[in-house]
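What follows is one structure encoded as structure tokens, with my remarks underneath.
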């Protein structure tokens, strides 16, 4: 991308912003990492556990303005292309659900504000992606506690409506739900669900008839730690789908406390609690799993994981695992040379330049959106962070080396007034440049402003990003407390739509109506043994224009995107080149536009519509 200053700030303003940014990051990193400190009882909230933290309202910045939708896109630079247009159609399509956070007045138990996840999966293999949301439950159950519905499954009926099948499908599990990862652990062709909870995790086996069976106990998978994001990936090369699950902190009812922000009570930051070790569940092939983090080299000191992405970052056809940690150094695991006993992983984030910011500071990593943002065929890493702490773009330099390119690309300038969680890459305007969606919302509690925030849509302009949220539709000018987000073309019209979970408000389904009839091709890579294929990559050629994407797992925050890759086309047909993780290369010529293609080694077929 070169080395010029940020595209949207002149040099003098950029220098001032740089100094302001460094000061803000240093102050916030200090208070978040140090935890809470005792205060004068006279100024503390009415709680025996009252403690204090420095409030972010003392730093420059304010609540993001709610800007009216622009009357016209025509006055903008013509190179912007079509005006973004997203419509929240959840209620109209039959999706009526709100995450139950179990907030109790005067109690500040951190899971209450962390929200739930979203997963797209084709539960019945009818070619239409269904939608799953995790739900909370009562955190301190008593005999008179209300009964709370469990996790929710909505079956996609031909892209025209959704049907709540949570109860008949057996997917209405209990537990305080956090993340959801869809993958086929038993190789029968139907996606199963690993649900990470605040408390014991859950594994649902897909029976192939539209129902699930809870096999958590018999499979010996999951732990009672606070688990967040998870992903399915073959970790040891035995052609079986394993689970990497990020774990967060040791937060309990007993050790929770109220923190003081400018005289107002709120939730304490991560500095108050200890991190815990992530969990690695190795699939033994007989329906059972065992924890194998130490055996595989996938273990470090206890950390505070919130998000993860699994994909090939160095083009060696073997996936890396990137873990976004909250106010601790991020992790990057890569595979060493494969010995006779299978792959061994090692942690390389620090030497790769992807552990901390360019200033050497830990950041409050919440979500990750991995994509090739600068068109060099190397996936980059976009991370969402804390309010008045910039989001981060780690530009991939090749050779498993990264640089924090947040200032030059405008990522810092577009993020300081927000606190981001779920984030996904999507090419909303079909210009072959992945753009970014971000669900925003604070975590300190309703007494502290800002709390709800406007979401964001960032347009990739090639040299950086432009915030065009105010043009994108009514959802983007309203304030939400956004959490999990996942992308999928649920209506088969050729573009990426977005499902979002919130705190205090119902979930949203954002239908992408930017281009009425986009010319595109969707590609879903599958192996006959159903093993996940992070590490594979797909190259599309259409009218001499080439576009490449890498297959990934995980991403966003607590969520699972649709596994199909969406490619814009310049003609009515396209040639496809697939490079599989084992090095096999398949080529398919003149594939018609408008299809969703399932590619297996040596052949392909179109999903019925």
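Residue numbers (our numbering): 201 to 809. Every residue gets a Cβ at the ideal spot worked out from N, C-alpha and C, and that includes glycine. All values derive from a computational prediction rather than experimental measurement.
DSSP state of residue 385 mapped onto helix, strand, coil:
If DSSP states are grouped into helix, strand and coil, residue 385 belongs with coil.
With distance defined between alpha-carbon atoms, name the residue in 283, 529, 700 and 418 nearest to residue 475.
Scanning 283, 529, 700 and 418 for the CA closest to the CA of residue 475 turns up 529.
Which first and last residues belong to the alpha helix (DSSP H) in which residue 496 is found?
493-496
Keeping to the same chain, check which residues put their C-beta closer than 8 Å to that of residue 705; ignore five residues upstream and five downstream.
298, 680 and 681
Given residue 754, which residues of its chain have a CB within under 7 Å of its CB, disregarding the five upstream and five downstream residues?
Setting aside the 5 residues that flank it on each side, residue 754 is surrounded in the same chain by 429, 431, 508, 509 and 510, each with a C-beta closer than 7 Å to its C-beta; the list follows chain order.
I believe residue 156 touches residue 759 by the beta-carbon criterion, under 8 Å. Please report the beta-carbon distance rounded to the nearest angstrom.
Any property of residue 156 remains undetermined from this structure, which presents the chain solely from 201 to 809.
Just how far apart, CA to CA, sit residue 466 and residue 339?
18 Å
Go through its chain and collect everything with a Cβ distance to residue 775's Cβ below 8 Å, but skip five positions before and after it.
740, 741, 742, 787, 788, 789, 790 and 791
Below 9 Å between beta carbons: does that hold for residue 730 and residue 319?
no
Return the first residue and the last residue of the beta strand (DSSP E) that residue 465 is part of.
Residues 464-467.
Quick one: is residue 717 buried, meaning 16 or more other Cβ sit within 10 Å of its Cβ, or exposed?
Exposed is the call here.
List the DSSP bridge partners of residue 680.
BP columns for residue 680 point to 653.
Drop a sphere of 10 angstroms on the beta-carbon of residue 301, count the other beta-carbons inside from all chains shown, and report buried for 16 or more, exposed for fewer.
buried
Three Cβ pairs or more, each shorter than 8 Å: is that satisfied between the stretch 351-370 and the stretch 403-414?
yes
Assuming residue 545 and residue 497 are in contact, meaning their beta carbons sit under 8 Å apart, how far apart are those beta carbons, in whole angstroms?
With a contact defined as Cβ atoms closer than 8 Å, residue 545 and residue 497 qualify at about 4 Å.
Considering residue 708, what are the terminal residues of the beta strand (DSSP E) in which it resides?
Taken as a continuous stretch (DSSP letters only), the beta strand (DSSP E) holding residue 708 covers 708-712.
Using the Cβ count rule (16 or more neighbours within 10 Å means buried), how would you classify residue 360?
exposed
Would you say the stretch 310-324 touches the stretch 684-698, given that touching needs at least three Cβ pairs under 8 Å?
By the criterion of at least three beta-carbon pairs nearer than 8 Å, the stretch 310-324 is in contact with the stretch 684-698.
Between the Cα of residue 479 and the Cα atoms of 420, 457 and 793, which residue gives the shortest distance?
Of the listed residues, the one whose Cα sits closest to residue 479 is 420.
Checking 9 Å against the spacing of the C-beta atoms, do residue 807 and residue 724 come in under that value?
yes
Would you list the one or two residues that DSSP bridges to residue 743?
DSSP lists no partner for residue 743.
Relative to the C-alpha of residue 747, which candidate in 728, 621 and 627 has its C-alpha closest?
627
Compare the Cα-Cα distances from residue 379 to each of 388, 391, 389 and 395 and report the closest residue.
395
Going by beta carbon distance, what residues of the same chain come within less than 7 Å of residue 499, once the five residues before and after it are set aside?
477 and 493
CB-CB under 6 Å to residue 366, same chain, minus the five flanking residues each way: which ones, in chain order?
352, 353 and 372
3-residue-minimum beta strand (DSSP E) runs that sit fully inside the stretch 508-544, ordered along the chain
520-525 and 531-535
By Cβ distance, which residues of its chain are closer than 6 Å to residue 555, with the 5 residues on each side in sequence left out?
These residues qualify, in order along the chain: 529, 530 and 549.
Any idea what DSSP makes of residue 279, helix, strand or coil?
helix
With distances taken between CB atoms, is the gap from residue 526 to residue 513 smaller than 9 Å?
Residue 526 is not a Cβ neighbour of residue 513, given a cutoff of 9 Å.
If you run the structure through DSSP and keep just helix, strand and coil, what is residue 313?
helix
Nearest-angstrom Cβ-Cβ length linking residue 581 and residue 570, presumed shorter than 8 Å:
By a beta-carbon distance limit of 8 Å, residue 581 contacts residue 570. Their separation comes to about 5 Å.
Could you tell me the distance, in whole angstroms, from the CA atom of residue 534 to the CA atom of residue 604?
20 Å
Counting C-beta neighbours from all protein chains within 10 Å, is the total for residue 547 16 or more, i.e. buried, or is it exposed?
buried
Quick one: residues in its chain with C-beta nearer than 8 Å to the C-beta of residue 222, no 5 flanking neighbours on either side, listed in chain order?
With a pLDDT of 42 at residue 222, under the threshold of 50, the predicted position of this residue should be treated as unreliable, though the coordinate-derived value follows. Hits under 8 Å: 559.
Would you decide whether residue 783 is buried or exposed? Buried here means 16 or more other CB atoms lie within 10 Å of its CB.
exposed
Would you mind working out which of 521, 468, 374 and 426 sits nearest residue 443, comparing C-alpha positions?
521
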